[in-house]
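Okay, structure first, notes after.
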Amino acid sequence: MRTPMKSRKRVAATPGSASKPKRVDTKEAVEVLCRICPFSSTQGGVPCAVATDDERVKLIAPSSSHQVPNIAVYKFTHVFNENDTQSAIFERAALDLIEDVVRGKNSLLFTYGVSGSGKTYTMTGDVTEATMGILPRTLDVLFNSLPNLADRCVFRSDHKNGFVVMSELESALSRRMIASQPSDDVEHLTRYVEHRRVSGASIEMIYAVFVSYIEIYNDVCYDLLADPVTRSDGIRVLQSKDLRMGAKNTIYVDDIVEVEVDSSDEALKQFFKGEQRRSVADTLLNKSSSRSHSIFSIRVVMAPRQANLFYPQSDPRQINTSQLSLVDLAGSERSKRTGNMGARLAETSKINQSLLVLRQCFDKLRANQQGATTLLPVPYRESKLTYLFKNFFEGSGKVRMIVCVNPRPEDYPENLAVMSFAEVSQEVLVTRSEKVRVPLCNVIDRRQFLQWISEVDSDDSVEWSQECDSAALFKLKSSCDTESLERLRAYYQMADRRRKESLNELERREGNFELDLRKVLYRCDMKCVQLEKTQSELQDANEMIMSLSMQLRQIRHENTKLKQELRRRDMQQTSESKKSRLREGDYAQRLRGKEEAISRSDTVTSNDASFSSSSASSGAQRGDVVERCVTPRVVNGFAVMDRREGGGKGFRRRSRSAHMVGTWNRARSNLPPHMQRAAARMSKTPSKTIGLNNARVEDMPLTHEVVLENIS
């Protein structure tokens, strides 16, 4: 049984770090969490991955693999079994990262595993409380925890991975321009809302939240929130982006669209907008497999507020930006198992190459931190994925990974590679990011305190002591003033009677009130029963709306894909029709050329025939001896020679007999001796001349008559 090594915190240097080693307490290991998918008995076989406790996973090789040893135990920071809920996974994996972002620290959380292991479900999930994933819960908790959100357009990007504060006039004009523009047509999302919050936000700071969404497809970065561009062939494609190095050697995506959001619902609308443009495809392992690495970044911009004003300070040194990147890596698997071909095969190769470079970076970082004599260069630049994460690996934030495992026996080889990668990752140390210093503040919000003071100052009511009529002091004339005492006694006796009457009246009213209260409570109980019934119906209606919304999004996504396919087929059909018209035009032109050639040939043939007949008759009159007649073959020979001289395109065809004679002459050297002597005698026989007056006869092909005369 094989147990991986535990994470060891030791002082080590990374490429680019200072020569002076840092203390051990300034570094922390990469946290690796493991989640095992539920295993269904209908799948058959025995699960290859089992959680033994909260920190260990036992990987069991199936009997068909014939691997020795067949059991390996891996240790993680925490292990989630199949009974853990989405809420529990969010609380353990992402809740403290949200607090770090609110406090001004950077964090990176990514899921890793084979296709169909639950990476996208863990990161995104669904809309109900039981199925909602990490990303929507993160947005809810973040906005619940920020007390002072700035108005829109107060912070603006400087296009160099930073932000600046606009003046009040500029921000007001920008808000007016945005309000005049049409908003995106995104349907309202009915979902469960997380009500938890984290501490760490300062009341003296003003915050703004920006989101961006990119994908790395075939090692090219694409902005999913930017509007597609139209190519020269009419196809709309996403805009590719380059990676740049900014201040303090930070790597960022150049000219990316960062949308300022005021609520979690608005941020989720941007996320779903990008999801419709993300590259997915069907494979043998997953019907909706992610064919790209997706990175959803949440940036929190904060700046101290001005004195007695709810507006941030414009000093760039006081502006701080923290980032939480939620990454859904594409599935890692062998190309043979996915059944991919063509473009899908190229995608799988690029995915495996980027994940291989990520593992190589972890290997080099671990080797450098374990005291290697020569620091090995870390190959960040060999992949866009690792180059973009370079800041986190070199100490700009916390790194956490969720390894998703599918316990199917057929996934054992891929799970073995995933576990090996997770083992290496736990031994990599990253530098802790520094805390952001925020100004000291009171327990009570200054904005609320000023509002309360203004309300008190504006209250022009009279003091209660001045409004109440106090009775005059009772004074006796002397110690023997019995008359006054009798009047006083009568007054208090009358007051006592009034008091008793008031008490009786109060008791009567109390009884009536109790009776009325019971009636009201009874009616309230009835209303509560009706309310519970209505809430149950509302919940059923909400669930139906959720399912219909999901179907609507799926149908819209399918419609988008169908529109793209229709445009592609229309363009293909248009190009094929153009090619067909060109072929038809070319064929018609060639046909006209052939018809013209045939007509010219017929004209020449008729002219030559008439000329030959006239020549033969004139030769007979002059007494010339003609030993053979001009046959149609000879006439055709005249036509061929006429076309040679420019009368039209054609070729000269030898007769079959002439071809046989030529073959006989060329093969004479290979004949037997008696046949060679016969051929020599035949060649010495003089050939008879033809007494035609036409000079073209010398260029005519051999005919059957000449061949017979030569043989005889």
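Take the UniProt record's numbering: the last position of the sequence shown gets the number 712, and nothing is skipped along the way.
Positions of the beta carbon are idealized from the N, C-alpha and C atoms, including for glycine.
Bear in mind that the values here come from a model prediction, so they are computed numbers and not experimental data.
Where residue i sits in the DSSP three-state scheme
i           : result
residue 785 : Past the boundaries of the shown model lies residue 785; the chain is included only from 1 to 712, so the question cannot be answered.
Asn-320     : strand
Val-674     : Note on identity: in this sequence residue 674 is His, with Val being the wrong assignment. DSSP places His-674 in helix when its eight states are reduced to three.
Pro-407     : coil
Ala-201     : coil
Cys-221     : strand
Phe-513     : helix
Cys-528     : helix
Leu-268     : helix
Arg-236     : strand
Met-166     : coil
Leu-375     : coil
Gly-113     : strand
Tyr-491     : helix
Arg-299     : strand
Leu-146     : coil
Pro-228     : coil
Lys-160     : coil
Thr-348     : helix
Pro-413     : helix
Pro-304     : strand
Val-357     : helix
Leu-548     : helix
Ser-180     : helix
Val-402     : Looking at the sequence itself, residue 402 is Ile, so the reference to Val does not match. It is a strand residue.
Gly-125     : strand
Ile-251     : strand
Ser-294     : strand
Ala-330     : coil
Leu-139     : helix
Phe-362     : helix
Phe-214     : Note on identity: in this sequence residue 214 is Ile, with Phe being the wrong assignment. Of the three classes helix, strand and coil, the one that applies to Ile-214 here is strand, per DSSP.
Glu-543     : helix
Thr-190     : coil
Arg-152     : coil
Top-ranked residue by Cα proximity to residue i, from the options
i       : options                               : result
Ser-433 : Asp-53, Val-101 and Ala-94            : Val-101
Asp-262 : Phe-210, Lys-241 and Arg-278          : Phe-210
Tyr-192 : Thr-124, Asp-363, Phe-393 and Phe-163 : Thr-124
Asp-411 : Ser-117, Leu-671 and Val-237          : Ser-117
Asp-255 : Gly-593, Asp-242 and Cys-528          : Asp-242
Tyr-112 : Arg-176, Ile-598, Pro-47 and Leu-33   : Leu-33
Gly-234 : Glu-596, Ser-599, Glu-565 and Pro-673 : Glu-565
Phe-421 : Lys-398, Leu-355, Cys-480 and Val-399 : Leu-355
Phe-143 : Met-419, Pro-409 and Ala-267          : Ala-267
Arg-56  : Lys-350, Pro-409, Val-259 and Ile-36  : Ile-36
Val-301 : Val-399, Glu-423 and Val-165          : Val-165
Lys-350 : Ser-332, Ala-588 and Lys-58           : Ser-332
Asp-328 : Lys-27, Lys-579, Leu-109 and Ala-588  : Leu-109
Lys-561 : Cys-361, Ser-40, Val-257 and Val-237  : Val-237
Ser-145 : Leu-429, Leu-169, Tyr-207 and Cys-48  : Tyr-207
Leu-309 : Gln-535, Pro-316, Met-205 and Thr-77  : Met-205
Leu-358 : Val-428, Pro-407 and Cys-480          : Val-428
Nearest-angstrom beta carbon gap, residue j and residue i [assumed within contact, 8 Å]
i       : j       : result
Ala-247 : Ser-292 : Not quite, the Cβ-Cβ distance comes to about 29 Å (not below 8 Å), so this is no contact.
Gln-318 : Ala-307 : Wrong, their Cβ atoms sit about 13 Å apart, outside the cutoff.
Pro-136 : Ser-264 : 7 Å
Arg-278 : Glu-215 : 6 Å
Val-399 : Phe-392 : 5 Å
Thr-122 : Ile-134 : 7 Å
Asn-542 : Gln-323 : Between Gln-323 and Asn-542 the Cβ distance is about 34 Å, and since that is not below 8 Å, they are no contact.
Met-546 : Val-127 : 5 Å
Glu-91  : Asp-140 : The Cβ separation is near 13 Å, so there is no contact.
Exposure label - residue i; buried when at least 16 CB within 10 Å
i           : result
Asn-693     : In this predicted model, Asn-693 has a pLDDT of only 44, less than 50, meaning its place in the structure is not dependable enough to derive any value.
Asp-516     : exposed
Val-520     : exposed
Gln-276     : exposed
Asp-54      : exposed
Tyr-74      : buried
Tyr-492     : exposed
Ser-199     : exposed
Ser-528     : Note on residue identity: the sequence assigns Cys, not Ser, to residue 528. Looking at its Cβ environment, which holds fewer than 16 other Cβ atoms inside 10 Å, Cys-528 is exposed.
residue 719 : Outside the shown range of the chain, which is 1 to 712, sits residue 719, and nothing can be said about it.
Leu-385     : buried
Met-401     : buried
Original post:
Enumerated in chain order, which unbroken segments of the alpha helix (DSSP H) with a length of 4 residues or greater are wholly contained in the stretch 30-105?
Top reply: Entirely contained in the stretch 30-105, the alpha helix (DSSP H) runs reaching 4 residues are, in chain order, 86-93 and 95-102.
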